[in-house]
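Residue numbers (the UniProt record's numbering): 1 to 324.
First the structure, in the form of structure tokens, and then the observations on it.
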Amino acid sequence: MSEIKGKDGEPLEGDGDYESLPSHASLTIHMTAGAVAGILEHTVMYPVDSVKTRMQSLQPDPKAQYSSVYEALRRIIQTEGLLRPLRGLNITMLGAGPAHALYFACYERVKCILSEVIQNGGNSHIANGLAGCVATVLHDAVMNPAEVVKQRMQMYNSPYRNLLDCVRTIRHTEGLAAFYRSYSTQLAMNIPFQAVHFMTYELMQERLNPRRRYHPGSHILSGAAAGAVSAAITTPLDVCKTLLNTQENVALSSMHISGQLTGMANAFRTVYRFGGMAAFFKGIQARVIYQMPSTAIAWSVYEFFKYFLTKQQMEGEAGTAGPV
């Protein structure tokens, strides 16, 4: 296991305790690590996210009905081109960097404050869950408009030529409020998602990495488990969010719904009327397949950068101090 050592080769005081960052640098480190982790999380698994959006469609075109993630990717590439599963990636990357920088920085700060209050600085599952909830509010405020544009561009036969055309069309035809139409649903989904996510991750770390040192294998396994559990539990809310973001004209027209669908309650009623309880779990396979590696990537990259940047700083401080 990796150790942080000074110039004399001896472990520095607080060896391996990269969780406890120096106060004057922790915000920068968390934000940098979080931004890199967020961009990689969303880009590496983006094609599967495109499939998830399509599989959650309440009334898909006959040419866009898929039985599995693999079949969907194969057919999309064959019939619509190699780059089609990546449509909307640019807006996702623009949103993911700042959203995840705020997300991780807020999580670490709030977790520290609440853990001090609840458990005298020890690890508290309640603090972890509450910190995840607070961080989500900031993250989704930045990410929600990007999600709307992304999902519109991911749909089959999307009418938008490019990113700017999509943004201009939505603003002109539906107003600026359209970019936050699903915000309440997004929060209703992501607050329990992140609470379960962070609590599962921290619980797994207690079992696999009790000394809380940098250990890539434990971060990958903990992240994957956290992603799978939280994704499965919150799939019904994700289906509702997708409906609000995409405003599926064919599905809404078939149910004689005119105008724009708004609000979480209306989305729930519409999904249930359309397909009963089963409709709330459309795309669950794709969602879990997407989230497992995504959260594993996010946590392993975040923990690596946090460890690397902290190591550099601690070695620099040890070198400046000189031998005792």
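Backbone N, C-alpha and C fix where the C-beta goes; we use that ideal spot for every residue, glycine too.
Notebook entry, point to check: Do the region 222 to 233 and the region 280 to 292 make contact, defined as three or more Cβ pairs closer than 8 Å?
Noted result: The region 222 to 233 makes contact with the region 280 to 292, as at least three CB pairs between them are under 8 Å.
Checklist line | Cα-Cα separation, N144 to Q151 | finding: Residue numbering aside, residue 144 sits at position 144 when the sequence shown is read from its first letter. Residue numbering aside, residue 151 sits at position 151 when the sequence shown is read from its first letter. Between N144 and Q151, the alpha-carbon positions lie close to 11 Å from each other.
Note to self: At the level of alpha carbons, what is the spacing between M314 and A131?
What the structure shows: Numbered from its first residue, the sequence shown carries residue 314 at position 314. Numbered from its first residue, the sequence shown carries residue 131 at position 131. Near 27 Å, if we compare the C-alpha coordinates of A131 and M314.
Notebook entry, point to check: Is the number of C-beta pairs between the region 177 to 185 and the region 228 to 248 that are closer than 8 Å three or more?
Noted result: With the cut-off at 8 Å, the region 177 to 185 and the region 228 to 248 touch.
Item checked: Given 8 Å, three or more beta-carbon pairs between the region 172 to 179 and the region 272 to 284 -> No: fewer than three Cβ pairs fall under 8 Å.
Notebook entry, point to check: Are the beta-carbon atoms of residue 351 and I170 separated by less than 7 Å?
Noted result: The chain is shown only over 1 to 324; residue 351 falls outside these bounds and no answer can be derived.
Next item on the list: Please indicate yes or no: does the CB of T79 lie closer than 6 Å to some heavy atom of the ligand GDP?
Entry: Only the bare structure without any ligand can be found here, which leaves the ligand GDP out of the picture.
Item checked: Residues near R84 by beta carbon distance below 6 Å, same chain, minus five either side -> For the purposes of this step, residue 84 is taken as residue 84 along the sequence shown, with counting starting at 1. Here the set comprises I76.
Note to self: Please state the DSSP three-state secondary structure of Y49.
What the structure shows: Here the question's residue 49 lines up with position 49 in the sequence shown. Just to set this straight, residue 49 is Asp in the shown sequence, not Tyr. In the structure shown, D49 sits in a helix (DSSP, three-state: H, G or I).
Check: For H42, which residues from the same chain have a beta carbon less than 6 Å from its beta carbon, with the 5 sequence-adjacent residues on both sides left out?
Finding: Numbered from 1 along the sequence shown, position 42 holds the residue referred to as residue 42. Closer than 6 Å at Cβ, skipping near neighbours: T92 and A96.
Next item on the list: Give the DSSP-derived three-state secondary structure of H256 in the structure shown.
Entry: Taking the sequence shown and counting its residues from 1, one reaches residue 256 at position 256. Looking at H256 - three-state DSSP - the assignment turns out to be coil, as it is neither helix nor strand.
Next item on the list: Give the single residue among Y302, F281 and A318 whose Cα lies nearest to the Cα of L58.
Entry: For the purposes of this step, residue 58 is identified with residue 58 of the sequence shown, where counting begins at 1. The residue with the shortest Cα to Cα distance from L58 is F281.
Next item on the list: Go ahead and label F198 buried or exposed: buried means 16 or more other beta carbons lie within 10 angstroms of its beta carbon, across all protein chains shown.
Entry: Locating residue 198 in the sequence shown gives position 198, counting from the first residue. By the neighbour-count rule (16 or more Cβ atoms within 10 Å), F198 is buried.
Note to self: For residue 327, count the other beta carbons within 10 Å of its own beta carbon; 16 or more makes it buried, fewer makes it exposed. Which is it?
What the structure shows: Residue 327 falls outside the range modelled here, since the chain spans only 1 to 324, and no answer is possible.
Next item on the list: Assign I155 to one of three DSSP states: helix, strand, or coil.
Entry: Here residue 155 is taken as the residue at index 155 of the sequence shown, counted from 1. As written in the sequence, residue 155 is Met, which differs from the Ile given in the question. Shown here, M155 sits in coil according to DSSP, grouped into three states, outside any helix or strand.
Next item on the list: Could you name the residues of the same chain whose beta carbon sits closer than 6 Å to that of D8, not counting the 5 residues immediately before and after it, in chain order?
Entry: To locate residue 8, count along the sequence shown from 1; it is residue 8. Reliability of the predicted coordinates at D8 is poor, the pLDDT of 45 falling under 50, and the value obtained from them is presented with this limitation in mind. Here the set comprises nothing.
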